[in-house]
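Peer 1: Per this note's numbering, the very first residue in the sequence shown carries number 66; after that it's consecutive.
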Amino acid sequence: MNGVHTAIAYTMALSGLHHTSQLFDTGTQEVDGGVLRAYVGGLFEGEILRGLRGMVPEGEVRASYHEWMRRLEAPMEHSTFFICQNAIAKVQERILPTLDSNGGFQTPLVPFAVAVILRYLTPHGPLP
């Protein structure tokens, strides 16, 4: 679930959401957590689950995913800023291996995740 966690943290940070528990907010902010949860679900179903077929029983993978989602909702909020540190290493360790196991992109969500991370790393606003 590390790749999904990485992908959603950068998306949330760029959306102005500072804690992962905000993924479960609906309609109380500019970014609806339901849209973000759909993104997370798409990454899980379209990339992670597909990449692990034949290596790990699907029931175990789904149970791990649901447990991970419960932890994100816990009162101990995970800071998106903290998660977003060390971006390039996280892309190499958490997102790109999905491509190897799937034989390439299965959905447009992984390229979107990489684009979001690159945008996060790109300075914006006036430079000194």
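Virtual Cβ for every residue (Gly too), placed ideally from N, Cα, C.
Every value quoted in this text rests on a predicted model; they were computed, and no experiment measured them.
Assign H131 to one of three DSSP states: helix, strand, or coil.
Peer 2: Residue numbering aside, residue 131 sits at position 66 when the sequence shown is read from its first letter. It is helical.
Peer 1: If contact is defined by three or more beta carbon pairs under 8 Å, each pair taking one atom from either stretch, is the stretch 82-92 in contact with the stretch 153-160?
Peer 2: The answer is no - the stretch 82-92 does not touch the stretch 153-160, with fewer than three Cβ pairs under 8 Å.
Peer 1: Assuming H70 is part of the alpha helix (DSSP H), what are its boundary residues?
Peer 2: Taking the first residue of the sequence shown as position 1, residue 70 is located at position 5. First-last of the alpha helix (DSSP H) with H70: N67 to L79.
Peer 1: List in chain order: all unbroken alpha helix (DSSP H) runs of 4+ residues lying wholly within the stretch 139-165.
Peer 2: If we require 4 residues or more, the alpha helix (DSSP H) runs fully inside the stretch 139-165 come out as 145-148 and 152-155.
Peer 1: Using a Cβ-Cβ cutoff of less than 7 Å, which residues in the same chain neighbour S144 once the five nearest sequence positions on both sides are dropped?
Peer 2: Working through the sequence shown from its first residue, we reach residue 144 at position 79. Answer for S144: H83 and H84, listed in chain order.
Peer 1: So if DSSP puts H84 in a beta bridge, which residue, or which two residues, is it bridged to?
Peer 2: Translated into the one-based positions of the sequence shown, residue 84 becomes position 19. In the DSSP output, where bridge partners are listed per residue, H84 has S144.
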